[in-house]
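For the sequence shown, the residue numbers in full-length UniProt numbering are 1 to 196.
We put the beta carbon where it would ideally sit given N, CA and C, even for glycine.
Fair warning: this is a prediction, and the values are worked out from it, not measured in the lab.
Reviewing the structure listed below.
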Amino acid sequence: MNSFIIERKEWLDYFYTFPVTCLVIAICIIVWLVITYKGWSYYDVGCNYDCVIVDKETWRWISSTLSHISLMHLILNMYSLWNLSWMEQRLGSLVYLTWNVVIAFLSTCVTLFINYLQLTVFHSEQVRHVYLVGYSAVLFGLFVIASQHIKVARIWILDEVLISPIWIPFISLGVVTLLVPEASFWNSDRVSYLFR
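Here you go:
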């Protein structure tokens with residue numbers, strides 16, 4: 001009985017220490033459960049140029065960022081977010097929340113602008129079939145910010161390779177691409193959700 005109370009107290013301590021991180025994780029899990037229960041797909045919640053710009057479904061800006069289509073996608077993103085929770089403590093919850101919102105907004109803007117260029121300049125109609133879902137773009141932005149807060153000049157990877165901290169986000173992107181093969185932000189024949 002006492003161990004349950006201690007564990008519950010520890011979780012409450014985490015929530016008080018990292019409220020934004022815990023809240024985002026809880027929201028993403030709830031959204032994933034709803035998507036799974038309802039049987040929705042990325043077509044129903046994802047960000048797509050036609051849906052957001054042409055059809056004016058602006059709610060997709062938020063739904064696409066908080067949605068994860070597969071359990072592996074959810075687990076990898078929430079694990080990464082939890083590992084970045086130290087930033088919330090260092091920057092403060094309000095600043096950390098602001099960065100999360102700004103990065104989510106800017107990543108969607110950049111993605112939609114690139115889609116616009118693909119449609120108008122390169123006349124690529126395939127972009128109309130690309131849906132973006134997930135918290136990955138926010139995580140990538142947070143990784144970039146985190147790499148600037150690391151106070152070391154070089155980091156050892158697997159005790160073999162010495163790299164600059166600025167490369168950590170790109171290495172993480174490569175690892176996720178290897179672990180989740182269906183995640184792609186260049187292949188427009190499939191769902192594109194790695195960079196979201």
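Spatial neighbours of residue i within its chain, please: C-beta separation below 7 Å, excluding the five flanking residues on both sides.
i	result
Gly141	Ile103, Ser107
Asn115	Tyr49, Val127
Thr21	Leu81, Trp82, Ser85, Glu88
Leu44	For the record, residue 44 in the displayed sequence is Asp; it is not Leu. Result list for Asp44: empty, nothing under 7 Å.
Thr17	Gln89
What does the alpha-carbon distance come out to for the pair residue i and residue j?
i	j	result
Thr65	Tyr135	5 Å
Pro19	Thr120	42 Å
Ser93	Cys28	18 Å
Phe15	His123	48 Å
Val130	Leu112	11 Å
Leu178	Glu10	34 Å
Val25	Tyr79	At residue 25 the sequence reads Ile, which differs from the Val that was named. Ile25 and Tyr79: Cα-Cα distance of roughly 9 Å.
Val110	Cys47	12 Å
Val34	Leu162	43 Å
Gln118	Ser172	26 Å
Phe170	Gln148	14 Å
Tyr42	Tyr96	28 Å
Can you have a look at residue i and say buried or exposed, based on whether 16 or more other CB atoms are within 10 angstroms of its CB?
i	result
Phe143	buried
Thr98	exposed
Tyr37	exposed
Just to check my reading of the structure: residue i and residue j have Cβ atoms closer than 8 Å, yes? What is that Cβ distance to the nearest angstrom?
i	j	result
Ser67	Val101	That pair is no contact at about 16 Å.
Val133	Ile69	6 Å
Val52	Trp61	7 Å
Leu23	Asn77	Not a contact, Cβ separation roughly 15 Å.
Pull the bridge partners of residue i from the DSSP assignment, please.
i	result
Cys47	Leu132
Taking 7 Å as the CB-CB limit, is residue i close to chain C?
i	result
Ile29	Reference to chain C is not applicable here, since this structure consists of a single protein chain.
For residue i, I'd like the list of residues in its chain whose CB is within less than 8 Å of its CB, leaving aside the five on either flank, ordered along the chain.
i	result
Ile145	Met87, Trp99
Ser3	Summary for Ser3: the model assigns pLDDT 45, below 50, so the residue's position carries little reliability; its value from the coordinates is reported in the next sentence. Same-chain partners within the cutoff: there are none.
residue 199	This structure leaves residue 199 out entirely; the chain is present only between 1 and 196.
Glu125	Leu119
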